[in-house]
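Undergrad:
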Amino acid sequence: MSTTEAIGVSPGTGEQGRVRPGPSRARPPRRTWRQALRRDWQLYSLAVLPLLFFLVFRYLPMIGNVIAFRKFEPGGSVLGEEWVGLRYVKMFLNDPSFWQVFSNTVIIGLLTLLFCFPTPIVLALLINELRGRRVRRFVQSVSYLPHFLSMVVVAGLVMEMLSVDGPVNQLLRAMGNDPVAFLQEAEWFRTIYVSSEMWQTVGWGTIIYLAALTTIDDQLYEAARIDGASRWRQVWHVTLPGIRPAAVTLLILNIGTFMAVGFEKVLLLYNPLTYPTADVISTYLYRMGIVSNSFSYAAAIGLFEAVIGLALVLSANLISRRTVGTSLW
Amino acid sequence: MVTVDSTRGYRVFRVVNAVVLAVVVAVTLYPFVNIVARSLSDEFAIRAGKVNLVPVGFTFRTYEYVASDPTFWTNYRNTVVYTVVATAIAMFMTTCYAYVLSKRHLKGRTFLIGIAVFTMFFSGGLIPNYILISSLGFRNSIWAIVLPNAISVFNLLVMKAFFEGLPAELEEAAAIDGMSTYGILLRIVLPLSKAVLATMVLFYAVSFWNSWFAAFLYMSQSDLFPVTVYLRNLVAGATTGTSVGADATDMTVATNIKAVTMVLTVIPILVVYPFVQRYFVKGVMLGAVKG
Chain F
7 MSTTEAIGVS
17 PGTGEQGRVR
27 PGPSRARPPR
37 RTWRQALRRD
47 WQLYSLAVLP
57 LLFFLVFRYL
67 PMIGNVIAFR
77 KFEPGGSVLG
87 EEWVGLRYVK
97 MFLNDPSFWQ
107 VFSNTVIIGL
117 LTLLFCFPTP
127 IVLALLINEL
137 RGRRVRRFVQ
147 SVSYLPHFLS
157 MVVVAGLVME
167 MLSVDGPVNQ
177 LLRAMGNDPV
187 AFLQEAEWFR
197 TIYVSSEMWQ
207 TVGWGTIIYL
217 AALTTIDDQL
227 YEAARIDGAS
237 RWRQVWHVTL
247 PGIRPAAVTL
257 LILNIGTFMA
267 VGFEKVLLLY
277 NPLTYPTADV
287 ISTYLYRMGI
297 VSNSFSYAAA
307 IGLFEAVIGL
317 ALVLSANLIS
327 RRTVGTSLW
Chain R
655 MVTVDSTRGY
665 RVFRVVNAVV
675 LAVVVAVTLY
685 PFVNIVARSL
695 SDEFAIRAGK
705 VNLVPVGFTF
715 RTYEYVASDP
725 TFWTNYRNTV
735 VYTVVATAIA
745 MFMTTCYAYV
755 LSKRHLKGRT
765 FLIGIAVFTM
775 FFSGGLIPNY
785 ILISSLGFRN
795 SIWAIVLPNA
805 ISVFNLLVMK
815 AFFEGLPAEL
825 EEAAAIDGMS
835 TYGILLRIVL
845 PLSKAVLATM
855 VLFYAVSFWN
865 SWFAAFLYMS
875 QSDLFPVTVY
885 LRNLVAGATT
895 GTSVGADATD
905 MTVATNIKAV
915 TMVLTVIPIL
925 VVYPFVQRYF
935 VKGVMLGAVK
945 G
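Note that the protein sequences, when read in sequence, are chains F and R.
Going by my numbering, the first residue of the first sequence is number 7, and it counts up by one from there.
Going by my numbering, the first residue of the second sequence is number 655, and it counts up by one from there.
1. Going by the CB atoms, is the gap between TYR303(F) and MET294(F) shorter than 7 Å?
2. Closer than 9 Å, Cβ to Cβ, to anything on chain F: give me those residues from the stretch 917-931 of chain R, in chain order.
3. Could you give the residue range of the alpha helix (DSSP H) that holds LYS271(F)?
4. Since ILE258(F) and VAL319(F) should fall inside the 8 Å C-beta cutoff, what is the C-beta to C-beta distance between them, to a whole number of angstroms?
5. Report the residue from ALA752(R), ARG758(R), THR737(R) whose alpha carbon sits nearest the alpha carbon of SER847(R).
6. Any Cβ of chain F within less than 7 Å of the Cβ of LEU851(R)?
7. I need the DSSP call for PRO27(F), collapsed to helix, strand or coil.
8. Nearest-angstrom Cα distance between TYR884(R) and GLU270(F)?
9. Confirm, please, whether the CB-CB distance from LEU275(F) to GLN190(F) is below 7 Å.
10. Comparing the C-beta of PHE792(R) with each C-beta of chain F, is any distance below 7 Å?
11. Using a beta-carbon distance below 7 Å, is ASN706(R) in contact with chain F?
12. In angstroms with no decimal places, state the Cα-to-Cα distance between ARG142(F) and GLU166(F).
13. In whole angstroms, what is the alpha-carbon distance linking ALA235(F) and TYR227(F)?
14. The alpha helix (DSSP H) spanning PHE776(R) covers which residue range?
15. Count the other C-beta atoms from every protein chain shown that fall within 10 angstroms of the C-beta of PHE108(F), then say buried if there are 16 or more, exposed otherwise.
16. Determine the direct distance from the alpha carbon of TYR684(R) to that of ASP171(F), and round the result to whole angstroms.
17. Unbroken alpha helix (DSSP H) runs of length 4 or more, entirely within the stretch 782-825 of chain R: which are they?
18. Compare the C-alpha of SER169(F) against each of VAL669(R), ALA672(R), ASN706(R) and name the closest.
19. Let me know the secondary structure DSSP gives GLU88(F) once reduced to three states.
20. Mind checking the stretch 212-227 of chain F against chain R and listing, in chain order, the residues whose C-beta falls within less than 7 Å of any C-beta there?
21. Quick one: give me the first and last residue of the alpha helix (DSSP H) that TRP242(F) is part of.
22. Using a C-beta to C-beta distance shorter than 9 Å, which residues of chain R count as neighbours of GLY209(F)?
23. Tell me which residues share the same chain as MET747(R) and place their Cβ nearer than 6 Å to its Cβ, disregarding the 5 neighbours each side in the sequence.
24. Can you pull the chain F residues whose beta carbon is under 7 Å from the beta carbon of SER693(R), in chain order?
25. Between MET655(R) and the rest of its own chain, which residues show a CB-CB distance below 8 Å, the 5 nearest in sequence each way excluded?
26. Does the CB of ARG886(R) have a neighbour CB from chain F at under 7 Å?
27. Is any beta-carbon of chain R found at less than 7 Å from that of GLY28(F)?
28. Residues in the stretch 730-759 of chain R with C-beta within 7 Å of chain F's C-beta atoms, listed in sequence order?
29. Which residues mark the beginning and the end of the alpha helix (DSSP H) in which THR329(F) is found?
30. Mapping the DSSP letters down to three states, classify LYS413(F) as helix, strand or coil.
31. Comparing the CB of ASP831(R) with every heavy atom of the ligand PLP, is any distance shorter than 6 Å?
32. Can you tell me which of ILE700(R), TYR730(R), GLU697(R), VAL678(R) puts its alpha carbon nearest to the alpha carbon of TRP863(R)?
33. For the pair the stretch 920-935 of chain R and the stretch 146-156 of chain F, tell me if three or more CB-CB distances fall below 8 Å.
34. In the DSSP assignment, find the unbroken alpha helix (DSSP H) run with ILE214(F) in it and report its ends.
35. At least one CB of chain C closer than 7 Å to the CB of TRP866(R): is that the case?
36. With contact counted as at least three CB pairs below 8 Å, one residue from each stretch, are the stretch 59-71 of chain F and the stretch 759-774 of chain R in contact?
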């Protein structure tokens, strides 16, 4: 699911306003588990199926990662046959293809962060300056639209736009150039990936910032005006600090999903000709594991990727708490 | 007094801003317009690179062609079935858990929240999931699509935040009258939550409508595919078609058909979008502000 996970979770403002059921006041009487169960058994019963869901479809696969350290044979035991220690980890660390896809992942991830993180902020500021309510609503509605498309449709649109008979090549031909088979050429892949990502996500990304903008106190702008601040300085000194908590939160989340660069989109858009720039860790392990049946090897790579992702989000969160005082939890 | 708003620099800015945003709107909409034009154009005009904003050699033939493919309709019906069943299951699971998590007095609540939130940042990964679903015997069955994503933690947190914001007095009064927890949830809480329930249904329905990878991974019979996989196979077939040995006429038909299939896949979303868009936005705000 690549749809909404990057947007969620609170910007710091909401977090600070939350009332904590702390132990200081209105202390609820401490209950033993027996008392809690007797009192709230109906509530707990509602949690049984969801807990079963998390256990089976979320936590079992985590345990299933032991096959990264065990020899797995298709058709054999789900948890593998015998311990082999770090054999598969060593195998991918010594695999030049792995380092190729690793650096592709980092490059695409960095480019996406560089282009797709700041643009929603800019777009939100521009939309915020629009006066007419209906114009504003129209611009917002249109810009959200690509977010609701299936990745298959997005990939299809990209292919049509860039096909030899598509609009981009029509333009090239009109300017007297030869048509380019963009999707067959490795040097174009990153540009295509990042620009289509921007096309799809920039509008939806403005929602949180537009919400944060409405919470900025008008008195701050008034005070700035009285002090003679120009429009530009008001943006710099009032607006930007006002949306900073939201921006930091989204940055942490973006960093957390940094290694999981759009698996579905790469899978749909790449082909053997563009592997040198397009192949990322997730697509590589997909081919290794599911296409070539090297399950243990692929699981080792997947575990490595997941651990890096977790480490990234934890450290980004820690740094942000230490420096700007905003954190996810 | 000269206000800042009327300075010359600001007037210039507003013009530039309007132009920039007009370009953003145009760039966002252009691919849609182009694809609709292609879907209604003659295949030779497309191949000659003549189709841009308006159809050239206007024809409905491609639509007729796609509509006459029984696999397309089977797959379209599958998408509808998968979306309805998956959304129903997801709503049931998410509502139950969100309601439990919204009860501050509940012993073990932090732990129950932690179980869900942790999965946002760490997951088992593709391979263990694949092995799990396969060994559960879910391959080529609807369960592979509707069960593994029954709870989206983001949606769960949005709903929990909403339930926490409801006044506690009503529920307390009902409890004193001897109503069970189930009764309170069904007859007091849910009727008060229609707005958030509608939003959640939309979030889930769109994500299931759009999903393709689970079906692509676990389904091997084409009569079980959702329409997104049908479209994916068309799209992928057209890019690697040369290696399969498809002849030239097949290739051009594919261009047309791709456009039509894309239009037909997106149409349900485009039709409801203008009416439901504000619910989506509200849902995100709720999640963002209350966490």
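Yeah, the Cβ is synthetic: ideal placement off N, Cα and C, and Gly gets one too.
TA: Quick look at the numbers:
1. On the first sequence, residue 294(F) is found 288 positions in, with the first residue counted as 1. On the first sequence, residue 303(F) is found 297 positions in, with the first residue counted as 1. Yes, they are a contact pair.
2. THR919, VAL920, ILE923, LEU924, TYR927, PRO928, GLN931
3. In the first sequence, the residue the question calls residue 271(F) occupies position 265. It spans 269-275 - the alpha helix (DSSP H) in which LYS271(F) sits, taken as one unbroken run.
4. As a first step, residue 258(F) must be located in the first sequence, where it is residue number 252. As a first step, residue 319(F) must be located in the first sequence, where it is residue number 313. About 7 Å separates the CB atoms of ILE258(F) and VAL319(F); that is less than 8 Å, so the two are in contact.
5. Here residue 847(R) refers to the residue found at position 193 of the second sequence. For SER847(R), the nearest C-alpha among the options comes from ALA752(R).
6. Here the question's residue 851(R) lines up with position 197 in the second sequence. Judged by the 7 Å Cβ criterion, LEU851(R) is not in contact with chain F.
7. Counting from 1 along the first sequence, the entry for residue 27(F) is found at position 21. With a pLDDT of 47 at PRO27(F), under the threshold of 50, the modelled position of that residue is not reliable, and the figure given next carries that caveat. In this structure, PRO27(F) counts as coil in the three-state DSSP scheme.
8. Within the second sequence, numbered from 1, the residue matching residue 884(R) stands at position 230. Within the first sequence, numbered from 1, the residue matching residue 270(F) stands at position 264. Their backbone Cα atoms lie some 16 Å apart in a straight line.
9. In the first sequence, residue 190(F) corresponds to position 184, counting from 1. In the first sequence, residue 275(F) corresponds to position 269, counting from 1. No; because the gap between Cβ atoms is not below 7 Å, this pair is not in contact.
10. In the second sequence, the residue the question calls residue 792(R) occupies position 138. Closer than 7 Å: no.
11. Locating residue 706(R) in the second sequence gives position 52, where the first residue counts as 1. So yes, ASN706(R) belongs to the interface.
12. As a working note, residue 142(F) is residue 136 in the first sequence. As a working note, residue 166(F) is residue 160 in the first sequence. ARG142(F) and GLU166(F): Cα-Cα distance of roughly 30 Å.
13. Walking along the first sequence from the start, residue 235(F) turns up at place 229. Walking along the first sequence from the start, residue 227(F) turns up at place 221. Distance between the alpha carbons of ALA235(F) and TYR227(F): 9 Å.
14. Locating residue 776(R) in the second sequence gives position 122, where the first residue counts as 1. Premise fails: PHE776(R) is in no alpha helix (DSSP H) and is neither H nor E.
15. Looking up residue 108(F) in the first sequence gives position 102. Answer is buried; the Cβ neighbour count reaches 16.
16. For the purposes of this step, residue 171(F) is taken as residue 165 along the first sequence, with counting starting at 1. For the purposes of this step, residue 684(R) is taken as residue 30 along the second sequence, with counting starting at 1. ASP171(F) and TYR684(R): Cα-Cα distance of roughly 16 Å.
17. 797-800, 807-819
18. Against the first sequence, residue 169(F) aligns to sequence position 163. The shortest Cα separation from SER169(F) among VAL669(R), ALA672(R), ASN706(R) belongs to ASN706(R).
19. Your numbering for residue 88(F) matches position 82 in the first sequence. In the structure shown, GLU88(F) sits in a strand (DSSP, three-state: E or B).
20. ILE213, ILE214, ALA217
21. Locating residue 242(F) in the first sequence gives position 236, counting from the first residue. Here TRP242(F) belongs to no alpha helix (DSSP H), and DSSP marks it neither H nor E.
22. Locating residue 209(F) in the first sequence gives position 203, counting from the first residue. Result: VAL678, THR682.
23. Your numbering for residue 747(R) matches position 93 in the second sequence. The answer, listed in chain order, is ALA804, ILE805.
24. Taking the second sequence and counting its residues from 1, the one referred to as residue 693(R) is at position 39. The premise fails here: SER693(R) is roughly 10 Å from chain F at the closest Cβ pair, so nothing lies under 7 Å.
25. On the second sequence, position 1 is the one that residue 655(R) refers to. With a pLDDT of 42 at MET655(R), under the threshold of 50, the modelled position of that residue is not reliable, and no figure is offered here.
26. Here residue 886(R) refers to the residue found at position 232 of the second sequence. Closer than 7 Å: yes.
27. On the first sequence, residue 28(F) is found 22 positions in, with the first residue counted as 1. Confidence at GLY28(F) is low in this model, with a pLDDT of 45, below 50, so the placement of that residue should be treated as unreliable; the coordinate-derived value is given next. Look at GLY28(F): its C-beta is not under 7 Å from any C-beta on chain R.
28. Correct list: MET747, CYS750, TYR751, TYR753, VAL754, LYS757, ARG758, HIS759.
29. The count along the first sequence starts at 1 and reaches residue 329(F) at position 323. First-last of the alpha helix (DSSP H) with THR329(F): 301-329.
30. Coverage of chain F is limited to positions 7 through 335, which leaves residue 413(F) absent and any answer about it impossible.
31. Looking for the ligand PLP in the displayed structure turns up nothing, as the structure carries no ligands at all.
32. Translated into the one-based positions of the second sequence, residue 863(R) becomes position 209. Minimum Cα distance to TRP863(R) is reached at TYR730(R).
33. yes
34. Translated into the one-based positions of the first sequence, residue 214(F) becomes position 208. Segment 195-220, the alpha helix (DSSP H) holding ILE214(F).
35. Chain labels in this structure do not include chain C; the protein chains are F and R.
36. Between the stretch 59-71 of chain F and the stretch 759-774 of chain R there are three or more inter-stretch CB-CB distances shorter than 8 Å, so the stretches are counted as touching.
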